[in-house]
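**Q** The opening residue of the sequence shown carries number 1 in UniProt numbering; numbering runs sequentially from there. Below are the structure tokens for one structure; questions will follow.
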Amino acid sequence: MAEITTGPFRAPANILGAPGVAPNFLIIVLKNPTNETQEVRVEVHECPGPNAPVIPPGARCATSAETVETLICNEIVLINSDRCRDVFVTVTAGNIYRVTISGDIDLKAEKVEVSVVGTDAQFRFHDPSMFFRHEDFIKVDDDDDDDDD
């Protein structure tokens, strides 16, 4: 089964260009350009954002303590031919997220196409650091010998 992911990213405190407006939602946009019904699983994992680091005197870097990753969204989505669907996920500023899509998906966008965007509660402002086009996703390594790239 093919699987692609955004990799980890942080929800910012404010949406760029909208002072005082925080992201409240992650929208996963799914489009089926094929002539068949397609099925994907949408998973979103969340880690709490780290506390402020303690960098020892004379050092230039430090590693944060580990935080637990939690599955906050696990949806199986059917999409009919030439249709679109959205999955909405609430987010918390400062936390770390990772979106993974599996099923009828590939990096070439020959099956379901996907994009991700972070937005405010009224869906008026979108943050560029939370925007992932289909081509920005990376293939998750698997043990299959399928040629899904």
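For each residue, glycine too, the CB sits at the ideal point set by N, CA and C.
Quick one: what does DSSP say Asn-75 is sitting in, helix, strand or coil?
**A** The question names Asn, yet the displayed sequence has Glu at residue 75. Three-state result, Glu-75: strand.
**Q** Going by DSSP, what residues sit across from Gly-103 in a beta bridge?
**A** Partner(s): Ala-2 and Val-40.
**Q** Asp-141 to Gln-38, Cα distance in whole Å?
**A** Between Asp-141 and Gln-38, the C-alpha separation is close to 22 angstroms.
**Q** Would you kindly work out how many angstroms separate the C-alpha atoms of Ser-81 and Gly-103, rounded to a whole number?
**A** Looking at the two C-alpha atoms, the distance is approximately 16 angstroms.
**Q** So what's Glu-66 in DSSP terms, helix, strand or just coil?
**A** DSSP places Glu-66 in coil when its eight states are reduced to three.
**Q** Please return the same chain residues whose Cβ sits closer than 6 angstroms to the Cβ of Pro-33, not counting the five positions on each side in sequence.
**A** There are no such residues.
**Q** Which of the three DSSP states is assigned to Asp-136 in this structure?
**A** Looking at Asp-136 - three-state DSSP - the assignment turns out to be helix.
**Q** Return the first residue and the last residue of the beta strand (DSSP E) that Glu-113 is part of.
**A** First-last of the beta strand (DSSP E) with Glu-113: 113-119.
**Q** What did DSSP end up calling Ser-129 once you bin it into helix, strand or coil?
**A** Note: Ser-129 maps to strand in three-state DSSP.
**Q** Roughly how many whole angstroms lie between the Cα atoms of Arg-124 and Ala-59?
**A** Answer to the nearest angstrom: the Cα atoms are 42 angstroms apart.
**Q** Where does Asp-127 land, buried or exposed, given buried means 16+ other C-beta within 10 angstroms?
**A** Buried: at least 16 other Cβ atoms inside 10 Å.
**Q** For Pro-129 versus Pro-12, is the C-beta distance shorter than 9 angstroms?
**A** Note that residue 129 is Ser in the sequence shown here, rather than Pro. Going by C-beta atoms, Ser-129 is nearer than 9 angstroms to Pro-12.
**Q** Closest to residue 151 by CA distance: which of Ala-22, Val-40 and Ile-27 is it?
**A** Residue 151 is absent from the structure shown; the chain starts at 1 and stops at 149.
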